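Enquirer: Going left to right, the sequence shown walks through residues 21 to 239 as this note's numbering numbers them.
A virtual CB, placed ideally from N, CA and C, is assigned to each residue, including glycine.
It should be emphasised that the depicted structure is a prediction, and the values quoted were computed from it without experimental measurement.
Got a structure for you, written out below as structure tokens; questions coming shortly.
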Amino acid sequence: MQHYDTVIFDLDGTLLDTLEDLMLSVNHALSGRTKVRRSLEEVRGFVGNGVRRLMELSLPGGEDNPLFEEAMAAFRVHYAAHCRDHTRPYAGIMDMLEALKGRGLRLGIVSNKPDAQVKDMNGEYFGGVFGSAMGERQGVRRKPAPDGLLAAMEELGASREGTLYVGDSEVDIATAKNAGVDCLSVTWGFRDRDILEKAGASRFIDAPGELPALFGAAR
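Following this line, the structure appears as structure tokens:
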């Protein structure tokens, strides 16, 4: 992988384990609107396409439910206040990032999480180590559209051939393909390996520490 000079990451399920906070906010939004409550495993399968899609899948009837917009608003308010309660970087992530920086690589984040939350989390959890941190925002189509990834590459001064996109889902695989960049899939996130393989993944890592080794020794 010596020809890459830029590595851009998905956030949820790749860098951060956000699952418990997402589940708690989903169930807060469902409370009083349905008797249904979602488990960690259900929410694990629902995430990846932005918060609106998460609530479409979580609330019975989705957007056709007359309480959908109310539930959506309740989710946003609760998650904004509680998105850091249980969220942490996966084990080994901080060492991985330090090792990648030591190899002179440019680093970025592209997520379907709201843009303000992505930027806040970059600062809080990673000390601003990423030169670009982009989330869902007006005028930029969410993944798997390539808009956010291409914008991050432009901000970092990265080329298609020099960029590797790292993610945990079929959405990330499609995003990389649509942007014309290579993809590396991680197996510690929100999707099982067989789902990733069915989506076309062919390159995997099973632990964060495996990634820096692919780029040789630190400078």
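Which residues share a DSSP beta bridge with Ile225?
Expert: DSSP output for Ile225 lists Val206 as bridge partner(s).
Enquirer: Quick check on this structure: which residue in Ser179, Phe29, Arg96 and Ala221 has the alpha carbon closest to the alpha carbon of Pro109?
Expert: Phe29
Enquirer: Who are the Cβ neighbours of Ala172 in its own chain at under 6 Å, not counting the five residues just before and after it?
Expert: Excluding sequence positions up to five before and after Ala172, its CB lies within less than 6 Å of the CB of Ile28, Gly128, Val130, Ser152 and Met154, all in the same chain and listed in chain order.
Enquirer: Provide the residue span of the alpha helix (DSSP H) that contains Ser131, from first to last.
Expert: Ser131 -> not in any alpha helix (DSSP H); beta strand (DSSP E) instead, spanning Arg126 to Pro134.
Enquirer: Could you tell me the distance, in whole angstroms, from the CA atom of Ala233 to the CA atom of Lys133?
Expert: 29 Å
Enquirer: Beta carbon of Leu87, beta carbon of Val46: below 8 Å?
Expert: no
Enquirer: With contact counted as at least three CB pairs below 8 Å, one residue from each stretch, are the stretch 167 to 185 and the stretch 193 to 211 in contact?
Expert: yes
Enquirer: Would Thr195 and Lys218 be called neighbours here (beta carbons separated by less than 8 Å)?
Expert: no
Enquirer: Compute every distance between the C-beta of Ser189 and the non-hydrogen atoms of the ligand FMN, then say whether any falls below 7 Å.
Expert: Absence of the ligand FMN is noted for the structure shown, with no ligands found whatsoever.
Enquirer: In three-state terms, what does DSSP make of Thr195?
Expert: helix
Enquirer: Sorted by chain position, which residues of the same chain lie with C-beta nearer than 6 Å to Arg53's C-beta, five sequence neighbours on each side aside?
Expert: Leu87 and Ala91
Enquirer: Kindly indicate which three-state DSSP category Tyr185 falls into: helix, strand or coil?
Expert: strand
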